[in-house]
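Here's the structure we're looking at; comments come further down.
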């Protein structure tokens with residue numbers, strides 16, 4: 159669990175990763191460094207955007223409100239500016255991910271999130287829609303700092319409500 | 254670049270990119286931050302992603 163008196167790095171979900179690559183995520187002062195996400199979160203969002211090309215769902219509203227097309231969002235999340243988002247290579251974590259899947263029953267998304275967060279000494283932050291269920295249960299079982307960010311507008315971007 | 258994507262294109266660097274990249278989209282498109290926050294906070298996007306991806310290994 160992160161020491162609340164010291165800045166800490168953060169591993170983020172797909173929504174926060176997208177905001178980061180679009181330059182719309184304003185990190186609170188307790189976070190240090192570039193936000194990080196995992197290959198599984200990147201894959202999840204990419205898969206949804208590829209599917210979403212033929213739909214008129216809320217993903218289109220999301221990207222439209224962010225001022226980009228779904229194609230641009232797809233490009234940005236697959237070629238992230240390293241100054242805005244770090245996507246961690248999952249290969250060095252394969253042993254730990256495998257162990258979490260076998261011993262803790264974690265799915266790929268949760269296992270990678272836990273492994274990368276442990277490696278970085280990072281907290282896990284997600285939006286409300288990803289804040290309940292398997293991921294939360296697994297991350298808390300691993301005794302990591304898990305938190306939900308509800309977002310508000312600030313200085314040309316979005317930041318967590320305090 | 255606003256038409257639906259049909260696959261991949263080759264950028265000036267010779268690499269494959271999703272159609273729409275690496276060229277930038279219309280930079281004048283407005284960013285609607287209040288609406289964006291409301292949409293994300295509602296959880297509707299997360300539910301849409303779950304529905305589209307439909308993979309237990311990628312379920313939050």
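Chains as they are written, first to last, in the working numbering: chain Z, 159 to 320; chain W, 254 to 313. By construction, the Cβ of each residue, glycine as well, lies at the ideal position given by its N, Cα and C atoms. Note that the structure is a prediction, hence the values are computed from the model and not measured.
Check: DSSP three-state label for residue 312(Z), please.; Outcome: strand
Check: Using a Cβ-Cβ distance cut-off of 8 Å, determine whether residue 247(Z) contacts chain W.; Outcome: no
Check: At the level of alpha carbons, what is the spacing between residue 285(Z) and residue 288(W)?; Outcome: 15 Å
Check: Measuring straight from C-alpha to C-alpha, what distance separates residue 301(Z) and residue 167(Z)?; Outcome: 16 Å
Check: Between residue 215(Z) and residue 299(W), what straight-line distance do the alpha-carbon atoms span, to the nearest angstrom?; Outcome: 12 Å
Check: Going along chain W, which residues have a C-beta under 8 Å from residue 182(Z)?; Outcome: 284, 286, 289
Check: Under the rule that 16 or more other beta-carbon atoms within 10 Å means buried, what is residue 301(W), buried or exposed?; Outcome: buried
Check: DSSP puts residue 194(Z) in a beta bridge; with which residues?; Outcome: 169(Z), 244(Z)
Check: Am I right that residue 220(Z) and residue 316(Z) are in contact with their C-beta atoms under 8 Å? What's the rounded C-beta distance?; Outcome: About 12 Å separates the two Cβ atoms, so there is no contact after all.
Check: Does the beta-carbon distance from residue 308(Z) to residue 319(Z) come in below 8 Å?; Outcome: yes
Check: Residue 293(W) by DSSP, collapsed to three states: which one?; Outcome: helix
Check: Output the boundary residues of the alpha helix (DSSP H) element that contains residue 216(Z).; Outcome: 216-223
Check: Could you pull out every residue in the same chain whose Cβ sits closer than 6 Å to the Cβ of residue 242(Z), ignoring the five residues on either side in sequence?; Outcome: 178, 179
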